[in-house]
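So for the sequence shown, the numbering used here puts the first residue at 118; every next one is plus one. Glycine residues also receive a C-beta, built at the ideal position from the N, C-alpha and C atoms. Keep in mind that this is a model prediction, so the values were computed, not measured.
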Amino acid sequence: MILVTVGAQMPFDRLVRAVDEWAGRSGRADVLAQIGTTEFEPANIRWRAFLDPEEFREAVGAAHAIVSHAGMGTIITALQHGKPALIMPRRGDLRETRNDHQIATAERFRGRPGITVAADEAELARCLDGLDSASCPERVSEHASEELLDAIGSFIAAGKAARE
118 MILVTVGAQM PFDRLVRAVD EWAGRSGRAD VLAQIGTTEF EPANIRWRAF
168 LDPEEFREAV GAAHAIVSHA GMGTIITALQ HGKPALIMPR RGDLRETRND
218 HQIATAERFR GRPGITVAAD EAELARCLDG LDSASCPERV SEHASEELLD
268 AIGSFIAAGK AARE
């Protein structure tokens with residue numbers, strides 16, 4: 118199953134419409150989308166406005182891939198679960214978000230194993246065609262590593278010592 122999610126803050130019709138059209142052309146019936154509050158109703162994919170947290174966890178677990186906006190919450194969720202992620206950033210010039218921070222986020226993750234970035238609908242469709250063979254990313258922990266915690270602790274201690 119492919120899980121599509123647009124986050125909880127605002128709709129992303131351009132992404133949902135592109136996936137819906139792709140599913141119609143390719144005959145894919147294994148797509149579930151959380152589309153938020155929107156007037157667009159997909160015709161070719163299963164969808165819900167919102168999944169409650171438990172339903173979302175179950176959908177992530179059942180998915181073989183996640184398609185999403187370039188929101189950090191969804192990207193981290195995909196990495197924590199070792200799921201390939203296909204992300205298409207919202208664009209500020211299209212009034213899909215307040216600015217182009219998602220473009221910057223997507224570019225930061227471009228080339229990372231298990232994460233594919235699509236700049237537009239045409240590229241998204243091409244990437245969707247190859248999603249079944251996408252490699253799974255290395256899982257990341259939901260907790261910081263001991264090394265990072267030690268480094269932060271040392272940094273804080275050094276700052277305190279310098280002030281004394």
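The residues A135, M205, A235, in chain order, have a CB closer than 6 Å to that of L241 in the same chain once the five nearest residues on each side in sequence are set aside. Its Cα nearest to that of F167, the residue T155 stands out among T155, T194, Q197. For K200, the number of other beta carbons within 10 angstroms of its own is at least 16, and it is reported as buried. When the Cα atoms are used, R131 and E238 turn out to be separated by approximately 7 Å. Between V177 and L203, the CB-CB gap reaches or exceeds 8 Å. Cα atoms of D217 and G188: separation of roughly 12 Å, rounded to the nearest angstrom.
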